[in-house]
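Student:
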Amino acid sequence: MGDDIINFDLPIINQSIIKVIGVGGGGGNAVNYMHRMGIKDVDFVLCNTDAQALVNSPVEFKVQLGATLTEGRGAGNKPEIGRQAAIESLQQIVSLLQKNTKMVFITAGMGGGTGTGAAPIIAKAAKELGILTVAIVTIPFRTEGRKRMMQAIEGIRNISQHVDSLLVINNEKLLEVYGNLKLTEAFAKADDVLATAAKGIAEIITVHGYINVDFADVETVMYNSGVALMGSGRANGQNRALEAVKQALESPLLNNNDISGARNILLNITYGQDEITMEEVGVIIDYVQHAAGDDADLIWGNGCDPSLDEDLKVTVIATGFGTNSIPELYVKERNIEVISLDSEQHATKVELVNDTPEIDPIPARQTSKPKKQPVIDPAQRVIEFDVNSDVFEVKTVQAAKANEIEIDIQPASPKPATPQAAPFAGTSNNKWANLDEIENVPAFKRRNMNIEPNEPPKTTTISRVTLDDDDIIINPENPYLYDNV
35 MGDDIINFDL
45 PIINQSIIKV
55 IGVGGGGGNA
65 VNYMHRMGIK
75 DVDFVLCNTD
85 AQALVNSPVE
95 FKVQLGATLT
105 EGRGAGNKPE
115 IGRQAAIESL
125 QQIVSLLQKN
135 TKMVFITAGM
145 GGGTGTGAAP
155 IIAKAAKELG
165 ILTVAIVTIP
175 FRTEGRKRMM
185 QAIEGIRNIS
195 QHVDSLLVIN
205 NEKLLEVYGN
215 LKLTEAFAKA
225 DDVLATAAKG
235 IAEIITVHGY
245 INVDFADVET
255 VMYNSGVALM
265 GSGRANGQNR
275 ALEAVKQALE
285 SPLLNNNDIS
295 GARNILLNIT
305 YGQDEITMEE
315 VGVIIDYVQH
325 AAGDDADLIW
335 GNGCDPSLDE
345 DLKVTVIATG
355 FGTNSIPELY
365 VKERNIEVIS
375 LDSEQHATKV
385 ELVNDTPEID
395 PIPARQTSKP
405 KKQPVIDPAQ
415 RVIEFDVNSD
425 VFEVKTVQAA
435 KANEIEIDIQ
445 PASPKPATPQ
455 AAPFAGTSNN
465 KWANLDEIEN
475 VPAFKRRNMN
485 IEPNEPPKTT
495 TISRVTLDDD
505 DIIINPENPY
515 LYDNV
């Protein structure tokens, strides 16, 4: 194992000013892919807690993170373990970066243990050394789990505080571009996007073209530029320039953002066997400048890749955005204000004004539909005038009972019925000719009734309790008291 780990105390000659550091499993896979693809005049470095991953990598420079802490067995998907491992091996990383390094790319797959925890520590060390630091990180696929996604968001927040430029690639967006890929193809495509971004930036500096762009130009664009957005397009045919640049600016990798308002633009144009024409260069530059705005500084470079054949590839990297251009960082974020019960702050009553008129609800007595019952008329008071008997009598007409069913009807708000006199049906006018004479004679005389005079009661007391000088006496003849009470 010790033979595979490079001792960085030894002098290393012919180092490039640009280094690409892969941190963790995802970053290591991306660096291995870049190493096989080849990026001109760039040194690759692999940092991992997993000793087996270091052994299997073809990359020349390797640093085992936290050899004492993890014993080469990885971080166990715990970002804090990755952070402590990077701190343990930080001196080795610093000694590597101090040797003729002007620019560093830090690639990591966020969500795991080593990449999420160690990448911010390495970025902070590079930034403190005055190195132009660019982080290219990925957000995991949705199928990798919620916990991994939350750890990735926290890791991106941490690393964004220690880099000059941050490029975030959402792996889920790759499925929108390339469809439902197989497992190995999906992760390979993520590595390819990372490599395209790093290669597109680095080779603007390292590859000599007719348009000379040096490190100072790129540093002007990338230094303290915040969040970067990247899009890439590829096309062939007669209108390949316009189609390629349209694909780049409409790429889902831009996280549904356009490049309008960007402060700086890096543009890389790569052609194959069919060299690009000046007219095609003008079409691409004018299109990008119009989309970004006239105030955006645009730096572009060109390169040749024979594997493209007759295709033309355009890579656009826009910088100068805030973290609000990464919607994934704010999906689950909630602002919660805790107010102590002992504090002087009180809840503010908010009155809502309703433009619609208010309707008083009618209280319902039943929640279920009642069964149909026979309709029974309530009792009515009828006053009949019996002229023949010379006596007015009040009779109560009871309604007939339907099928002997007793129903207790309780109206919500009963109103007293007003007695109404029954019409004098069947009577003639001649019967009422002597009505005045009848009214002058009392009814008991008309009916020949003997009325005894009402004599006062024999007892003079008005209560069962009588008070006198002798004692308290209860009178049993009191008519106002009832003995059963």
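Here the numbering used here is used: position 387 in the sequence shown is 421, and no number is missing along the way.
The beta carbon of each residue, even a glycine, is placed where N, CA and C say it ideally should be.
On a predicted model such as this, the values are computed, not experimentally measured, just so you know.
What beta strand (DSSP E) runs, 3 residues minimum, are completely inside the region 194 to 250?
Tutor: With a minimum length of 3 residues, the continuous beta strand (DSSP E) runs that stay inside the region 194 to 250 are 199 to 204.
Student: Using only alpha-carbon positions, find the residue among ILE299, TYR321 and GLN307 that is nearest to GLU277.
Tutor: When only C-alpha atoms are compared, the closest one is TYR321.
Student: Is ARG107 helix, strand or coil when you go by DSSP?
Tutor: Residue state, collapsed to three classes: strand.
Student: Please tell me whether VAL350 and GLY260 are closer than 8 Å, where the distance is taken between their beta carbons.
Tutor: No, they are not a contact pair.
Student: Helix, strand or coil: how does DSSP classify LEU346 here?
Tutor: LEU346: strand per DSSP, three-state reduction.
Student: Suppose you measure from the CA of ILE156 to the CA of VAL255; what does that come to, to the nearest Å?
Tutor: Whole-angstrom Cα-Cα distance: 22 Å.
Student: Keeping to the same chain, check which residues put their C-beta closer than 7 Å to that of GLU253; ignore five residues upstream and five downstream.
Tutor: Hits under 7 Å: LEU166.
Student: In three-state terms, what does DSSP make of THR495?
Tutor: Note on THR495: pLDDT 49, under 50, position unreliable in the model; no value is reported.
Student: Work out the CA separation of LEU332 and ALA520 for me, nearest whole Å.
Tutor: Residue 520 cannot be examined here, being either before or after the span of the chain that is shown, 35 to 519.
Student: With distances taken from CA atoms, which of MET483, SER341, ASP251 and THR353 is nearest MET71?
Tutor: Residue SER341 is the option with its Cα nearest to MET71.
Student: Do you know offhand how far ASP328's Cα is from ASP345's?
Tutor: Between ASP328 and ASP345, the C-alpha separation is close to 29 Å.
Student: Using the rule of at least 16 other Cβ atoms within 10 Å of the residue's Cβ for burial, across every protein chain shown, is ALA153 buried or exposed?
Tutor: When all chains shown are included, ALA153 counts as buried.
Student: Going by other Cβ atoms of all chains shown within 10 Å of its Cβ, with 16 needed for buried, is HIS69 buried or exposed?
Tutor: The residue is buried, with at least 16 neighbouring Cβ atoms inside 10 Å.
Student: Can you list the beta strand (DSSP E) stretches of 3 or more residues lying completely in the region 76 to 132, in chain order?
Tutor: As far as the region 76 to 132 is concerned, its whole beta strand (DSSP E) runs of at least 3 residues are 77 to 82 and 95 to 98.
Student: Which term fits PRO174, buried or exposed, when burial requires 16 or more other beta carbons within 10 angstroms of its beta carbon?
Tutor: Under this definition PRO174 is a buried residue.
Student: Measure the beta-carbon distance from VAL65 to GLY56 and round it to whole angstroms, keeping in mind my assumption that it falls under 8 Å.
Tutor: Sure, about 3 Å apart at Cβ, within 8 Å.
Student: Using 10 angstroms around the beta-carbon of HIS554, count the other beta-carbons present and answer buried if the total reaches 16, otherwise exposed.
Tutor: As shown, the chain starts at 35 and ends at 519. That puts residue 554 outside it, with no answer to give.
Student: For LYS53, which of helix, strand or coil comes out of DSSP?
Tutor: The answer is strand: DSSP assigns LYS53 an E or B state.
Student: What is the C-beta distance between GLY116 and GLY151, in whole angstroms, given that I count them as a contact (C-beta under 8 Å)?
Tutor: With a Cβ gap of about 3 Å, GLY116 and GLY151 count as contacting.
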